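Student: Protein chains in written order, with the working numbering: chain A, 71 to 356; chain B, 71 to 356; chain C, 71 to 356; chain D, 71 to 356; chain E, 71 to 356; chain F, 71 to 356.
Glycine included, every Cβ here is placed at the ideal spot set by N, Cα and C.
Given the structure is predicted, the values throughout are model-derived calculations rather than measurements.
6 protein chains.
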Amino acid sequence: MPTGLPAANTVVASDDEGWVWAQIKAEARRDAESEPALASYLYSTILSHSSLERSLSFHLGNKLCSSTLLSTLLYDLFLNAFSSDPSLRSAAVADLRAARERDPACVSYSHCLLNYKGFLACQAHRVAHLLWRQSRRPLALALHSRIADVFAVDIHPAARIGKGILFDHATGVVVGETAVIGNNVSILHHVTLGGTGKVGGDRHPKIGDGVLIGAGATILGNIKIGEGAKVGAGSVVLIDVPARTTAVGNPARLVGGKETPSKHEDVPGESMDHTSFISEWSDYII
Amino acid sequence: MPTGLPAANTVVASDDEGWVWAQIKAEARRDAESEPALASYLYSTILSHSSLERSLSFHLGNKLCSSTLLSTLLYDLFLNAFSSDPSLRSAAVADLRAARERDPACVSYSHCLLNYKGFLACQAHRVAHLLWRQSRRPLALALHSRIADVFAVDIHPAARIGKGILFDHATGVVVGETAVIGNNVSILHHVTLGGTGKVGGDRHPKIGDGVLIGAGATILGNIKIGEGAKVGAGSVVLIDVPARTTAVGNPARLVGGKETPSKHEDVPGESMDHTSFISEWSDYII
Amino acid sequence: MPTGLPAANTVVASDDEGWVWAQIKAEARRDAESEPALASYLYSTILSHSSLERSLSFHLGNKLCSSTLLSTLLYDLFLNAFSSDPSLRSAAVADLRAARERDPACVSYSHCLLNYKGFLACQAHRVAHLLWRQSRRPLALALHSRIADVFAVDIHPAARIGKGILFDHATGVVVGETAVIGNNVSILHHVTLGGTGKVGGDRHPKIGDGVLIGAGATILGNIKIGEGAKVGAGSVVLIDVPARTTAVGNPARLVGGKETPSKHEDVPGESMDHTSFISEWSDYII
Amino acid sequence: MPTGLPAANTVVASDDEGWVWAQIKAEARRDAESEPALASYLYSTILSHSSLERSLSFHLGNKLCSSTLLSTLLYDLFLNAFSSDPSLRSAAVADLRAARERDPACVSYSHCLLNYKGFLACQAHRVAHLLWRQSRRPLALALHSRIADVFAVDIHPAARIGKGILFDHATGVVVGETAVIGNNVSILHHVTLGGTGKVGGDRHPKIGDGVLIGAGATILGNIKIGEGAKVGAGSVVLIDVPARTTAVGNPARLVGGKETPSKHEDVPGESMDHTSFISEWSDYII
Amino acid sequence: MPTGLPAANTVVASDDEGWVWAQIKAEARRDAESEPALASYLYSTILSHSSLERSLSFHLGNKLCSSTLLSTLLYDLFLNAFSSDPSLRSAAVADLRAARERDPACVSYSHCLLNYKGFLACQAHRVAHLLWRQSRRPLALALHSRIADVFAVDIHPAARIGKGILFDHATGVVVGETAVIGNNVSILHHVTLGGTGKVGGDRHPKIGDGVLIGAGATILGNIKIGEGAKVGAGSVVLIDVPARTTAVGNPARLVGGKETPSKHEDVPGESMDHTSFISEWSDYII
Amino acid sequence: MPTGLPAANTVVASDDEGWVWAQIKAEARRDAESEPALASYLYSTILSHSSLERSLSFHLGNKLCSSTLLSTLLYDLFLNAFSSDPSLRSAAVADLRAARERDPACVSYSHCLLNYKGFLACQAHRVAHLLWRQSRRPLALALHSRIADVFAVDIHPAARIGKGILFDHATGVVVGETAVIGNNVSILHHVTLGGTGKVGGDRHPKIGDGVLIGAGATILGNIKIGEGAKVGAGSVVLIDVPARTTAVGNPARLVGGKETPSKHEDVPGESMDHTSFISEWSDYII
């Protein structure tokens, strides 16, 4: 079970935050110079701001607003949250690094900050989660709804999510109320961490540190996906998956078999190795 | 085959509608008092309105409008439809009850009314369907397009849908032109009720009363999912599923086997039991 | 491997473009007359424009704009691209024809132009791809991000896509950076053409001409889906699929077996035959 | 003192309203055909509506809305008012006729309905006045504020205004709380009907039927401008003006002198004769 | 010459600010309860905010934003200014009191805060002036432009304005670059404090404490309007006006004559006595 | 009578246009660097554009759009007009120079381009006038209406206006249908060039080259204001004013007397000398 969730109010490694923000500004400045048609966008979202938290709050406020939830209200809400809770900022920095390091299509930090709906949905979720923990649940749920509408990413505000998370592509991700996601996890699009029925209580998956979950995987129930495990694309998982093993298929089976599953050494949530199990997947036969 | 589709112009159980609306107002009032940052939103969407149909029309008009389809036009369209057709209102009430009773994450009726994209997409679809039946097809299709853009829920306006429907999470749902969905059905996100090719005519699934369809299931062709049947998450179904049986897997097989499938007594569309079949799913072997 | 990608600057068959545009205007005029509530929309999007490229640029500019990327800027960008590159226009015409001919729910060209998120996302992608090839990458990625937000269709701007493409329903489609899609391909919703990990380089599928990919199929890695092949709904494909064969299941297997796969004569990307393989799919046993 | 204010709930001469509305639709149809670039605007504002009250409510709702006062709310407010109070509709028709007959630059009824800020401000004021009389004062004042922002026309919601009013050009008009304006009055831009200080009570001018007030005239205090009187452009009037006389200058004097003022026979509010007094204005000497 | 301009950074009488803010909230709460249609507006603009400065910043940001100057940017700008400079807040409070005490049509503090374009334009000007003094002139001028567009109130950001100012109705007010306005001044609409030509330097009027300037008055050049003086509506003033005298007419003359002008004891900027001079204005002769 | 109206299609002195545009870009670049909060605005309005006509079209389209007249439509309209008619561009350049040279508060060309409502209203009017001359009158009038709403500047689209015009402050300016304004004219705010009644035909003033009209002046009827004449602030003029004379007062009189009016040598429209006549204005007696 993941134990690495960020303690609230952990002091941020501000040097790290500062370094990433400086990178982002430098990237944006370079892009603004080379592409005047984009300069207005880059100035309004990045270059006019004095800090990552202001830039992110502005961007999220403008992305998530609607005619009945004004951008100024949301901006205020985000800015208060990011300013008062350093763990939100350090998580955002860790998530930026995760995208930059794990996704070869991520060409820059600013690209992730501006354009990755998975990154943006996750940061907005972190604020919704803070509101939830502060018992401001109606507001948390309204924010949740906006995230689901705008990004097609549906993370219940009560779900606990670690740091260094990559939601790659992100469209269609659903994470239920009692789900827990550890640190350094990578989750592709259309992944469901779902419940098992209409009974309340603890009913959603617990995803260990370093797990990789492939596109379209469906994981249901209060089960554990062990640290460093891998769930293949399109798999349907309803039973625990041991640490550092690989589950594939519908219904999912362990590569190497139930009794003697193959164990890998790397951390798939970081290495992003989606398909190396193929040769071992005996009945994969095209 | 579902037979319980609402007769047009059925007289609404107005007491029921009134009770739910009173609940919604009470919930919104309580939330507005406890959360001033949300009060403006709650007043504009709920508390300033004199009826559920006005609130819903306002909310849908503002959600679905665009720069070329103005909110005032859509508001007018919705209000006319909900005011003139009581069956639309009773279906909305039944859908609110379905979410409240079946989804443990649904904390209140107002939560569903405001935030559930599945609920909102379904109500907007009912209006599009009314327009379709009135031969106002271009308008029905324009509305369909807005629903698909805004909620990522793509229900063809010709599809017939019963009452007491829960589209849970809803992102990615696709329902084809000749599909029929009975009463008290629960459908998770990413579910497809699709066609079989480029030939027109009756080519989409018929979903019986009380069916439960798990996340990511794909059901293709003019086949019948029998009353009270259950389709497991991620299943691919291309052949009829008998009543009160469970189909799982890709390709889907009946739990208990083709000849002697297990039969359940409950109504899975209402009980929302997603995973109890696991122990019977013989080759599910992690 | 698809070889039919449009050469840049190919002279458009302007007669064809003209004919389709005349059809669109006639359809819109008919609809505007029969439905005054929609006339404003039809005039602003179609009837007030002098050409398909202007109509499409206007429509995309208004659909994809945000508070930080103004519609006027996007309109300008689209109009410049469509005006200067005839191959963009001929591809749009071919895509309109593909929807009209292959999708029985597509009642008119104007229906596709206005309402098909797959069509619109694809045309916007073509412009993003042009920007990418012109080394205007930050702008291409910003446009990519808007397409992913608005249509829930996530096509990397570097991906190469042929003509006569139908993205049917389209929600949740993900196409990676080095993917290539041939001509006359039909791709249903939730389809992923994904990569294999965090290593860069050529890592995404190559889809041959005339391929049909069913809903929810996941195709991963630098593999080839041969010309005229068919991938069943919900399939997970990680190895090459030969031309004119059918792969189904998770993991996907060839219908007819690995050694002697069944071969079909038609072009499934055009015939849209999703399910005829059922009788041959031996263990599909409901 | 004007006695001709419309009695509430007077039955409208519906034939007249119908005739004007038919004219407006015919004009809009003609213009939409000749000018496709304007057709969308004409359909959304006029041609998609089934009655003058709907068209006007839609147009005012869209003109006067803001990010905190939504168009749907205002549309609803206007539609309720115009639907329930026939005197509002008959006044609107009379005002349309006044513009069409008195202003040579008014080329059509639809031109006035769509483009005359004086006309639109006056109709919105009538609704604000209705709210005021219903003791819904905060709402009346909020509407007043929007009218003042959008049209630069500042009419206190308590001010009573007759029918057949032409506010020509209208920018900068200010009408105070206890002002009364009779029927068939024409008032040019920058006209002030102002109070005399900080004492409350009845403190603003009373404008008789058929009065013409020239551009920039300032009329202060609880004084009477007699029936059919004329106030020259730029005049400053602080004392009663007798019926059918002309006051000009700063301070205003009666043409013909205080004791034997010239009397005119026509109704200047209808004839719009601004300047015929010049020859009699003895010291006007350029 | 006015000497009472607020010293920057004067400590605000926070009790006073707190009292007014408490009044405003109480008024808004009462109005929200009595008028549900307005409650959303009142919550978003007043009741959701924790301080007057936040409410005012929110309201101004939403009023003055445009598609190219976003509300979030303006909100940030206003909030920074009002938070960091107490003299801006005390001036706003003094201006609220001025409207409440001097204008009988001002029924509440919240009415002024929300609806008085003169009040709002003046507070926005104070921020523009702060930017000007900080040598952020392009931003000050952009803000100036928005104020002039939205409120039709054109105050050059360099103009110095005291506290306790009432811009009544306000439409059309123009105040030039080197103008100075003292404390407790009341200025009606269409008043110009203008320059004398194209030569730069100190070229606009200096308005003493307690002055009242009637509607439409034009005051040109670097002249002094003495403390407690009164300028009649529509007057054109090009020469100094002594303290506590009254200038009226075009060209303006002193009531009582140049040599022995009548002197009044009250402070007309506070008493708002517009017209008591009439009996003394010998040639006012209607 | 002014004879210097620009011949249609005069070839623009493109060097001049190029020089001004280069200045504007340099100014905007400087301001963007010194004020990041404004950079987004400056890039979107100026720095992202390749020509003055594109910048101006973009800015006007965004300023004048409404929910029923989209910015993209207006942008297209403006760009077509400015691109096809060089005289519109040369007039804009001459107007920019007029503001820069005559108004000491105009600190840069970009300041005028972005912020001067008089400049922007005048350029938009020139396009409305072009539409009028092309017999696209409903569109011209719709544009006229937007200009009047947004800038509070009401110039009938038929009015003919020369080059090198300064509308200073501009709020409240009204120019009637048959008015003609020569070259190098300066007109202050609240100036009316009005008609004389309800009879059509040629009924508005003709303003000669080089005229200066002070704030709030009202000029009525088909009269001539001779070349180089000056009309004092607040004047009411109903009779011809000879060339190079000065008319002041209400009613206006010639400085120096009717028989022997003072003649000035300078061109007041360019020198902007508003008040030098005071010493000669014998009865101006404060």
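By the criterion of Cβ-Cβ separation under 8 angstroms, what are the contact partners of Ser136/A in chain F?
Tutor: Looking up residue 136/A in the first sequence gives position 66. Going along chain F, no residue has its Cβ under 8 angstroms from Ser136/A, so there is no contact; the nearest lies around 15 angstroms.
Student: Short check: CB of Thr241/C to CB of Gly286/A, under 8 angstroms?
Tutor: In the third sequence, the residue the question calls residue 241/C occupies position 171. In the first sequence, the residue the question calls residue 286/A occupies position 216. Not a contact, by the Cβ cut-off of 8 angstroms.
Student: Can you tell me which of Asp155/A, Ser341/A, Asn253/A and Gly304/A puts its alpha carbon nearest to the alpha carbon of Glu123/A?
Tutor: Translated into the one-based positions of the first sequence, residue 123/A becomes position 53. Considering only alpha carbons, the answer is Asp155/A.
Student: So, at 7 angstroms on beta carbons, what are the nonlocal neighbours of Val163/C in its own chain, with the 5 sequence-adjacent residues on each side left out?
Tutor: Reading the third sequence from its first residue, position 93 is the one you call residue 163/C. Closer than 7 angstroms at Cβ, skipping near neighbours: Asp86, Glu87 and Val90.
Student: Do Thr315/D and Gly302/D count as a contact pair if the criterion is CB distance below 8 angstroms?
Tutor: Taking the first residue of the fourth sequence as position 1, residue 302/D is located at position 232. Taking the first residue of the fourth sequence as position 1, residue 315/D is located at position 245. It is not a contact, given that the beta carbons lie outside the stated cut-off.
Student: By the DSSP assignment, the alpha helix (DSSP H) with Thr36/B in it spans what residues?
Tutor: The shown model of chain B, from 71 to 356, leaves out residue 36/B, and the question about it has no answer.
Student: What separation, rounded to the nearest whole angstrom, lies between the Cα atoms of Leu201/A and Pro227/A?
Tutor: The residue labelled residue 201/A in the question sits at position 131 within the first sequence. The residue labelled residue 227/A in the question sits at position 157 within the first sequence. Rounded to whole angstroms, Leu201/A to Pro227/A spans 8 angstroms at the Cα level.
Student: Considering only residues of the segment 180-204 of chain A, which uninterrupted alpha helix (DSSP H) runs meet the minimum length of 4 residues and lie entirely inside it, listed in chain order?
Tutor: You should have 187-203.
Student: Just how far apart, CA to CA, sit Thr138/D and Leu134/F?
Tutor: Taking the fourth sequence and counting its residues from 1, the one referred to as residue 138/D is at position 68. Taking the sixth sequence and counting its residues from 1, the one referred to as residue 134/F is at position 64. Near 20 angstroms, if we compare the C-alpha coordinates of Leu134/F and Thr138/D.
Student: For Ala317/B, which of helix, strand or coil comes out of DSSP?
Tutor: As a working mapping, residue 317/B is identified with position 247 in the second sequence. Strand, per DSSP.
Student: Does DSSP classify Thr115/C as helix, strand or coil?
Tutor: Within the third sequence, numbered from 1, the residue matching residue 115/C stands at position 45. Of the three classes helix, strand and coil, the one that applies to Thr115/C here is helix, per DSSP.
Student: Can you tell which of Lys276/D, Asn292/D and Phe128/D has the C-alpha that lies nearest to the C-alpha of Gly252/D?
Tutor: Taking the fourth sequence and counting its residues from 1, one reaches residue 252/D at position 182. Gly252/D has its Cα closest to that of Lys276/D, out of Lys276/D, Asn292/D and Phe128/D.
Student: Taking 8 angstroms as the CB-CB cut-off, is Ala109/A touching chain F?
Tutor: Position 39 of the first sequence, counting from 1, holds the residue named residue 109/A. Chain F contact via Cβ: present.
Student: Closer than 8 angstroms, CB to CB, is Ser215/E near chain F or not?
Tutor: Looking up residue 215/E in the fifth sequence gives position 145. Output row for Ser215/E: interface = yes.
Student: Kindly list, in the order they appear in chain B, the residues whose Cβ is closer than 7 angstroms to that of Asp343/C.
Tutor: As a position in the third sequence, residue 343/C is number 273, starting the count at 1. Those are Gly267, listed as they occur along chain B.
Student: Would you list the one or two residues that DSSP bridges to Asp238/F?
Tutor: Mapped onto the sixth sequence, residue 238/F falls at position 168. In DSSP, Asp238/F forms a bridge with Leu258/F.
Student: Measure the alpha-carbon distance for Thr271/B versus Ala229/B and round it to whole angstroms.
Tutor: Position 201 of the second sequence, counting from 1, holds the residue named residue 271/B. Position 159 of the second sequence, counting from 1, holds the residue named residue 229/B. What sits at residue 271/B in the sequence shown is Gly, not Thr. Roughly 13 angstroms separates the two Cα atoms.
Student: Does Ala210/B pass the burial test, meaning 16 or more other C-beta atoms within 10 Å, or should it be called exposed?
Tutor: Position 140 of the second sequence, counting from 1, holds the residue named residue 210/B. Label assigned to Ala210/B: buried.
Student: Could you list which residues in chain C have their beta carbon closer than 8 angstroms to that of Thr142/F, in chain order?
Tutor: Here residue 142/F corresponds to residue number 72 of the sixth sequence, with the count starting at 1. Within chain C, the residues near Thr142/F are Phe128, Gly131, Asn132, Ser141, Thr142 and Tyr145.
Student: To which residues of the same chain is Ile355/B closer than 8 angstroms at the C-beta, ignoring the five residues directly before and after it?
Tutor: Position 285 of the second sequence, counting from 1, holds the residue named residue 355/B. Its pLDDT being 39, under 50, Ile355/B is placed unreliably by the model, and the measurement read from it follows with that caveat. Closer than 8 angstroms at Cβ, skipping near neighbours: no residue.
Student: If the cut is a Cβ gap below 8 angstroms, which residues of chain E does His239/D touch?
Tutor: By one-based count along the fourth sequence, residue 239/D stands at place 169. Within chain E, no residue comes near His239/D; the closest Cβ sits about 13 angstroms away, beyond 8 angstroms.
Student: Shorter than 8 angstroms from the beta carbon of Asn292/F to some beta carbon of chain E?
Tutor: Position 222 of the sixth sequence, counted from the start, is the residue given in the question as residue 292/F. Taking Cβ atoms only, chain E never reaches closer than 8 angstroms to Asn292/F, which makes this a no.
Student: So which residues on chain F does Ser114/C lean against when the C-beta distance must stay under 8 angstroms?
Tutor: One-based indexing of the third sequence puts residue 114/C at position 44. Under the 8 angstroms cutoff, chain F gives Leu140 and Leu143.
Student: Show which residues of chain E have a CB atom less than 9 angstroms away from the CB atom of Asn254/F.
Tutor: In the sixth sequence, counting from the first residue as 1, residue 254/F sits at position 184. The premise fails here: Asn254/F is roughly 13 angstroms from chain E at the closest Cβ pair, so nothing lies under 9 angstroms.
Student: Shorter than 8 angstroms from the beta carbon of Ser358/A to some beta carbon of chain F?
Tutor: In the structure as shown, chain A starts at 71 and stops at 356, and residue 358/A therefore has no counterpart that could be examined.
Student: Starting from Asn320/F, find everything on chain D with Cβ-Cβ shorter than 7 angstroms and list it in chain order.
Tutor: Here residue 320/F refers to the residue found at position 250 when the sixth sequence is read from its first residue. Residues of chain D passing the Cβ test: Gly304, Gly319 and Asn320.
Student: Tell me the DSSP bridge mates of Lys333/E?
Tutor: Along the fifth sequence, one-based indexing puts residue 333/E at 263. Paired residue(s): none; Lys333/E is not in a bridge.
Student: Quick check on the burial criterion: 16 or more other C-beta atoms within 10 angstroms. Buried or exposed for Ala96/A?
Tutor: Residue 96/A sits at position 26 when you count from the first residue of the first sequence. Its Cβ having fewer than 16 others within 10 Å, Ala96/A is exposed.
Student: Tell me the residue span of the alpha helix (DSSP H) that contains Ile217/E.
Tutor: Translated into positions along the fifth sequence, residue 217/E becomes position 147. It spans Arg207 to Phe221 - the alpha helix (DSSP H) in which Ile217/E sits, taken as one unbroken run.
Student: Using only the alpha-carbon positions, how far apart do Pro72/F and Pro321/E sit?
Tutor: As a first step, residue 72/F is located in the sixth sequence; it is residue number 2 there, counting from the start. As a first step, residue 321/E is located in the fifth sequence; it is residue number 251 there, counting from the start. The predicted position of Pro72/F is uncertain, since its pLDDT is 44 and thus under 50; a value taken from the coordinates is nonetheless stated next. Distance between the alpha carbons of Pro72/F and Pro321/E: 29 angstroms.
Student: In this structure, does DSSP put Arg273/D in helix, strand or coil?
Tutor: Residue mapping note: residue 273/D aligns to position 203 of the fourth sequence, counting from 1. Looking at Arg273/D - three-state DSSP - the assignment turns out to be coil, as it is neither helix nor strand.
Student: Ends of the beta strand (DSSP E) at Leu122/D?
Tutor: The sequence position of residue 122/D within the fourth sequence is 52, counting from 1. Premise fails: Leu122/D lies in the alpha helix (DSSP H), Leu122 to Leu134, not in any beta strand (DSSP E).
Student: Would Ile355/C pass as an interface residue toward chain A - the criterion being a Cβ-Cβ separation below 8 angstroms?
Tutor: Here residue 355/C refers to the residue found at position 285 of the third sequence. Residue placement at Ile355/C is flagged as unreliable, the pLDDT there being 39, under the threshold of 50; the coordinate-derived value follows with that caveat. It does not; no Cβ of chain A falls within 8 angstroms.
Student: Taking Cβ-Cβ distances shorter than 8 angstroms, what residues in chain F pair up with Pro338/E?
Tutor: Indexing the fifth sequence from 1 puts residue 338/E at position 268. The contacting residues do not exist; Pro338/E stays about 17 angstroms from chain F at best.
Student: For Glu340/B, report the span of its alpha helix (DSSP H) as first-last.
Tutor: Taking the second sequence and counting its residues from 1, one reaches residue 340/B at position 270. Its alpha helix (DSSP H) spans residues Pro338 to Ser341.
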